[in-house]
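In what follows, a structure is listed as structure tokens, so that the remarks can point back to it.
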Amino acid sequence: MPIVIKRSIEHSHVNVSKVEAGRISKAAAGYIFAPGTSILCGECAFVGEGGLCSDHPGPEQRVNLEKGSCNDWQDRRQGLVAGNNSRPWVQVAYIENNNGFGCRRCEHMDLEKHDCSVVDPNSPGDNPGKIDPYACCVFWEKDPKRGNWPESRFV
Ligand code: SF4
Ligand code: SF4
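In terms of the working numbering, the sequence shown is numbered consecutively and its last residue is 1316.
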């Protein structure tokens, strides 16, 4: 997720009203498709020995592997990435959420229609013509109902 737009527990950082007229493209939203994950630090390529994240400096390397995530998340199943400890949490919008992230836990997601009120499903990128429940992007905001559901409730 390379675009630095804040994603936060308070959910007050993204001015969604600005994008309602024309939805954001998947590319601009940092849309990623990662089935089989919950976009958690424990599933991220930057986590090395000792469970530390090499993307961040100093004590911020100690991320929460079971609840944390940020806009720099990359799928560790595609290989590990050695960061240079240069990206502070505030820059990558590090946040924590019980059970993780993904469109299925986002308030902008219409699960039945595979659509999103923020990101254009027809823009170029993964999952042509739809927004997938197992994708995510930097505009993620916790859904008041599904936001903490475990994986078993989505099947
Ligand atoms: S804080 Fe970001 S870069 Fe670091 S392990 Fe978590 S998702 Fe990956
Ligand atoms: S549902 Fe949420 S996380 Fe998924 S693309 Fe839309 S804004 Fe991003």
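We put the beta carbon where it would ideally sit given N, CA and C, even for glycine.
Counting every other CB atom within 10 Å of its CB across the protein chains shown gives residue 1204 a total of 16 or more, marking it as buried.
Taking a contact to require three or more Cβ pairs closer than 8 angstroms, the region 1232-1240 and the region 1204-1218 qualify as touching.
In terms of CA proximity to residue 1196, 1287 leads the group 1287, 1301, 1270. The three-state reading of DSSP puts residue 1210 in helix, counting H, G and I together. Residue 1246 has its alpha-carbon roughly 12 angstroms from the corresponding atom of residue 1252. DSSP lists 1257 as the bridge partner or partners of residue 1229. In this structure, DSSP gives residue 1280 an extended state, which the three-state scheme calls strand. With distances taken between CA atoms, residue 1279 lies nearest to 1297 out of 1273, 1297, 1262.
When DSSP states are grouped into helix, strand and coil, residue 1205 belongs to the strand group.
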